[in-house]
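K.L.:
Just so you know, we're using our numbering here: the sequence shown kicks off at 57 and counts up by one.
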Amino acid sequence: MAPNMRKLLIAANWKMYKTPAESTAFLTSFFPLIKKNEAAEVVLCPAMTSLPALVDAARGKSVAIGAQNMHWLNEGAYTGETSPTMLTAIGATHVLIGHSERRQYFNETDTTVNLKLKSALAHSLVPIVCVGEHLNEREQNLTADVLNLQVSVALEGIDPDALGTLVIAYEPVWAIGTGRTATPQIAEDAHKIIRARLAAIAGSHVADATRILYGGSVKPDNATNLCCLDDIDGALVGGASLDPDSFAQIIINATHRA
Ligand code: PGA
Numbered sequence: 057m058a059p060n061m062r063k064l065l066i067a068a069n070w071k072m073y074k075t076p077a078e079s080t081a082f083l084t085s086f087f088p089l090i091k092k093n094e095a096a097e098v099v100l101c102p103a104m105t106s107l108p109a110l111v112d113a114a115r116g117k118s119v120a121i122g123a124q125n126m127h128w129l130n131e132g133a134y135t136g137e138t139s140p141t142m143l144t145a146i147g148a149t150h151v152l153i154g155h156s157e158r159r160q161y162f163n164e165t166d167t168t169v170n171l172k173l174k175s176a177l178a179h180s181l182v183p184i185v186c187v188g189e190h191l192n193e194r195e196q197n198l199t200a201d202v203l204n205l206q207v208s209v210a211l212e213g214i215d216p217d218a219l220g221t222l223v224i225a226y227e228p229v230w231a232i233g234t235g236r237t238a239t240p241q242i243a244e245d246a247h248k249i250i251r252a253r254l255a256a257i258a259g260s261h262v263a264d265a266t267r268i269l270y271g272g273s274v275k276p277d278n279a280t281n282l283c284c285l286d287d288i289d290g291a292l293v294g295g296a297s298l299d300p301d302s303f304a305q306i307i308i309n310a311t312h313r314a
């Protein structure tokens, strides 16, 4: 498959920001700014409390709504958790899995990422699985080892035929929220490592079809250069996605490659 057969995907990770009213106000400003966009799929991942309001506000529009996390079970005595059936019941279609902040502050591991990925696929939620190395790992030349391990464990025991909707986000931890973006070449090299690993595990048809996003201090002024490379199929945007003008400009600039 030619690289440009993979549709660009630009996702917003709002983290623990915005009330429901603030979330819908964002959409009101945002829709007119991207009304010409057809080149990229756009996904907004708000806080859990904003999901129902955003699903309603985005109905009939070309913006999908996803969660930032979920449990892998359908129900149970797990205080504070949200299940995949709860997400699909309100109309969420995507879910972030294994974001580095979840790994760092909430003890998520490659093993829980694997459980969540299996569950998301079983519930027809589009999984966006986050991987990425820490600065000390990069400095010790361990980036490839870290990415290979994260991808391998995430996909363990999953039938390649079930991986049709899989999205991976490469988010080097040292670039998240720091203003320190990976150069396009660093990102492209990491994406090639991930795609090669996917091919080894699940076959080249899965590797060629899987979108790999870059995340980590993506801004309007670096979106074009990052998204113009063959192996970079879009972006996962944190801080710069909170403002409708800046997120819309990222989409416009990123789709210059298309
Ligand atoms: P950032 O966050 O764009 O603020 O670096 C990216 C992310 O955490 O997904």
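Positions of the beta carbon are idealized from the N, C-alpha and C atoms, including for glycine. Since the structure is predicted, the reported quantities are computational estimates derived from the model, not experimental observations.
1) Helix, strand or coil for E97 per DSSP?
2) Can you give me the start and stop residues for the alpha helix (DSSP H) that N309 sits inside?
3) Taking the C-alpha atoms as reference points, what is the distance between N93 and G116?
4) Which ranges does the alpha helix (DSSP H) cover as unbroken runs of at least 4 residues, wholly within the stretch 151–199, from first to last along the chain?
5) Report yes or no: do three or more beta-carbon pairs, one from the stretch 82–89 and one from the stretch 295–308, lie closer than 8 Å?
6) Taking only the alpha-carbon atoms, compute the straight-line gap between S171 and V207 and give it to the nearest angstrom.
7) Hey, quick one: how far does the beta strand (DSSP E) through N69 stretch, first residue to last?
8) Cβ atoms of L177 and V151: under 8 Å apart, would you say?
9) Thinking L64 and T280 are a contact (beta carbons under 8 Å), I'd like their distance in whole angstroms, please.
10) Helix or strand or just coil, what does DSSP make of I121?
11) Can you tell me whether DSSP reads V293 as helix, strand or coil?
12) Take every Cβ of the stretch 100–119, pair it with every Cβ of the stretch 71–83, and state whether three or more of those distances are shorter than 8 Å.
13) How far does the alpha helix (DSSP H) with R253 in it extend, from its first residue to its last?
14) CA-CA distance, S175 and K275?
15) Starting from V223, follow the beta strand (DSSP E) in both directions and report where the run begins and ends.
16) For N69, which of I146, L107 and T141 has the nearest alpha-carbon?
17) Can you tell me whether T165 is buried or exposed, with buried defined as 16 or more other CB within 10 angstroms of its CB?
18) For A238 and G272, which I take to be in contact (beta-carbon distance under 8 Å), what is that distance rounded to the nearest angstrom?
19) Within the continuous beta strand (DSSP E) that includes L269, where are the two ends?
20) Using only CA atoms, which one of L205, D112 and T167 lies nearest to G122?
21) State the DSSP-derived secondary structure class of D277, mapped to helix, strand or coil.
22) How far does the alpha helix (DSSP H) with N285 in it extend, from its first residue to its last?
23) Let me check understanding here. Comparing Cα to Cα, which of N130, T135 and N278 lies closest to G235?
24) Would the beta-carbon of R253 fall within 8 Å of that of G290?
25) In the DSSP assignment, find the alpha helix (DSSP H) that holds D217 and state where it starts and stops.
P.N.:
Judging by the given coordinates:
1) E97: strand per DSSP, three-state reduction.
2) Run containing N309: P300 to A310, per the alpha helix (DSSP H) assignment.
3) Straight-line Cα distance between these residues: approximately 15 Å.
4) Correct list: 156–161, 166–178 and 191–195.
5) Here the stretch 82–89 lies against the stretch 295–308, with 3 or more beta-carbon pairs under 8 Å apart.
6) Reading the sequence as shown, one finds Leu at residue 171 and not Ser. The straight-line gap separating the alpha-carbon atoms of L171 and V207 is approximately 13 Å.
7) For N69, the enclosing beta strand (DSSP E) begins and ends at L64 to N69.
8) For V151 and L177, no; Cβs fall outside 8 Å.
9) Not really, about 12 Å apart at Cβ, beyond 8 Å.
10) Looking at I121 - three-state DSSP - the assignment turns out to be strand.
11) Here V293 carries a strand assignment [DSSP, helix/strand/coil].
12) Short answer: they touch.
13) Start and end: P240 to A258.
14) In this structure, the straight-line span from the alpha carbon of S175 to that of K275 is close to 32 Å.
15) Where V223 is concerned, the enclosing beta strand (DSSP E) stretches over V223 to Y226.
16) For the residues I146, L107 and T141, the minimum Cα distance to N69 belongs to L107.
17) Residue burial annotation: T165 is exposed, with fewer than 16 other C-beta atoms found within 10 angstroms of its C-beta.
18) Indeed they touch by this definition, with Cβ atoms about 6 Å apart.
19) Counted as a single uninterrupted DSSP element, the beta strand (DSSP E) harbouring L269 occupies residues R267 to G271.
20) Out of L205, D112 and T167, D112 has the C-alpha closest to the C-alpha of G122.
21) D277: helix per DSSP, three-state reduction.
22) Per the sequence presented here, residue 285 reads as Leu, with Asn not at that position. Run containing L285: none; DSSP gives neither H nor E here.
23) Looking at the Cα atoms, N278 is the closest of the given residues.
24) For R253 and G290, no; Cβs fall outside 8 Å.
25) Counting along the chain, D217 sits inside no alpha helix (DSSP H), nor does DSSP assign it H or E at all.
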